[in-house]
Amino acid sequence: MDIRALAAEYGFAECYVFPTESFKHYERRLKSGALHSAGKSLISDPAETQPWANAIVVLIYPYRPYSDEIPVSGNYPSSNAAYHASGKMMRKLAEIGIHAERAEVPMRELLIRNGVGVMLKNGLTALPKFGTRYSARALFVDLPEIKYTQPEIQEAARCEHCQACERICPSNAISKDGYDFQRCARSYMGGDPMENWVMDAMTCILGCELCQKVCPYNIGIEPLLEMPEAFRLESLLSGKVKPALEIVGKNLNKQGRLMQHACVIAAKQGRADLIPLIEPLCEDSREGVRVAAEYALKKLYADRD
Ligand code: SF4
Ligand code: SF4
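Numbered per this note's numbering, the sequence shown spans residues 1 to 305.
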């Protein structure tokens, strides 16, 4: 059974096979308090929790970002598609007698320690063929035959002579010392009411794309020029979020997150025509939606006056 060929059948452009060593760096960071809450539930010692597994397979699903005119993060559609494709692949593996389970492990450490990923100053991990524009899914597997992926990285990260992301980051989250998630605006766009500085930094629905946009590792990745209908601001502000959630993942609408983000983007685009859709949201039961609607109206009224 060729696991790489099987991954390609499910739409993955790359498939790495790595040993199941424990994640020492992650454990150290966990103890020091340097991790975002989202990263605290990962598996750090597979030998203890998945003793049956003899490899971690990492599946890479590259994506193209949307062009500047289209204010939607390309990451989430790809992440959602990768999630479902890896689920289908797991079922196929089960059919042919190979046990596989999702591996929620420290992905960055896994890619870097095995010599396929480059650690970047902006907190992301570049893969030479895909830059930072990819989603990665990992599976614990019990393969009948294993051929581990060999290291690919030959050169030091370009970060040493580059400050592009440091200069453009609107919340000063990147410095010569690296990335500080506590200062990254993207860390606060998960659905809880957003502070003004976070909304000021937002460049698109579901995120901030600036540090990836300027990164030389992403040069040459052609952006998508067409916006999916599901992300039209009129639809999101009217509460028609289901089609967008089908694309980005059903769990991404905590506290009306998509509606919140649509308010902010409407303000940034100067869409005064959307004021009638935003005004009723100031009475919404969800605090996050009310806060974003008030932010948007303040800006749109100021533009109009
Ligand atoms: S923009 Fe430059 S400094 Fe920032 S992560 Fe990319 S290469 Fe490194
Ligand atoms: S996502 Fe935005 S706020 Fe966060 S580090 Fe990158 S540029 Fe800064």
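We put the CB at the ideal spot given by N, CA and C, even for glycine. Since this is a predicted model, take the numbers as computed values, not measurements.
Exposure label - residue i; buried when at least 16 CB within 10 Å
i	result
histidine 261	buried
asparagine 114	buried
lysine 299	buried
glycine 74	buried
leucine 225	exposed
glutamate 283	exposed
threonine 20	buried
arginine 28	exposed
arginine 304	exposed
isoleucine 219	exposed
serine 32	exposed
arginine 271	buried
serine 41	exposed
arginine 257	buried
threonine 132	buried
glutamate 229	exposed
glutamate 209	buried
glutamate 14	buried
glutamine 269	exposed
serine 285	exposed
alanine 346	A question about residue 346 goes unanswered here, because the residues of the chain that appear run from 1 up to 305.
alanine 7	buried
alanine 34	exposed
CB contact below 9 Å: residue i versus chain B
i	result
leucine 210	Among the protein chains of the structure shown there is no chain B, as only one such chain exists.
Contact under 9 Å by Cβ, residue i with residue j
i	j	result
leucine 237	methionine 259	yes
leucine 233	isoleucine 3	no
proline 216	cysteine 169	no
leucine 120	cysteine 184	no
serine 187	phenylalanine 181	yes
isoleucine 146	valine 105	no
valine 291	proline 151	no
tyrosine 295	methionine 199	yes
leucine 124	cysteine 211	yes
arginine 108	glutamate 222	no
leucine 110	alanine 82	no
tyrosine 134	tyrosine 61	yes
phenylalanine 12	methionine 89	yes
alanine 85	tyrosine 26	no
threonine 149	phenylalanine 23	no
isoleucine 70	phenylalanine 231	yes
leucine 93	alanine 100	yes
tyrosine 16	valine 116	yes
leucine 245	alanine 267	no
leucine 206	valine 289	no
isoleucine 247	cysteine 263	no
isoleucine 112	methionine 1	no
proline 128	isoleucine 153	yes
serine 235	tryptophan 197	no
lysine 157	alanine 126	Note that residue 157 corresponds to alanine in the displayed sequence, not to lysine. Cβ distance < 9 Å, so alanine 157 and alanine 126 count as in contact.
For residue i, the residue or residues it bridges with in DSSP
i	result
arginine 137	Leu59
tyrosine 16	Val58
methionine 119	Thr125
valine 72	Ile205
tyrosine 179	Ile174
tyrosine 66	Leu224
alanine 81	DSSP output for alanine 81 lists no bridge partner at all.
alanine 100	Val141
glycine 131	Leu127
Nearest-angstrom Cβ-Cβ length linking residue i and residue j, presumed shorter than 8 Å
i	j	result
asparagine 80	glycine 249	4 Å
leucine 59	alanine 5	Not quite, the Cβ-Cβ distance comes to about 13 Å (not below 8 Å), so this is no contact.
leucine 274	alanine 293	Rounded, the Cβ-Cβ distance is 11 Å, inconsistent with contact.
proline 46	phenylalanine 130	25 Å between Cβ atoms; not a contact.
tyrosine 76	methionine 227	With 8 Å as the limit, tyrosine 76 and methionine 227 do not qualify as a contact, their Cβ atoms being about 14 Å apart.
asparagine 251	valine 241	Incorrect: roughly 12 Å between the Cβ atoms, too far for contact.
Heavy atom of ligand 4 within 8 Å of residue i beta-carbon
i	result
tyrosine 63	Absent from the structure shown: ligand 4. Ligands present: ligand 1 and ligand 2.
What residues sit near ligand 1, counting only those whose C-beta is closer than 5 Å to one of its heavy atoms, in chain order?
Qualifying residues come out as Leu120, Lys121, Asn122, Arg158, Cys159, Cys162, Ala164, Cys165, Cys215.
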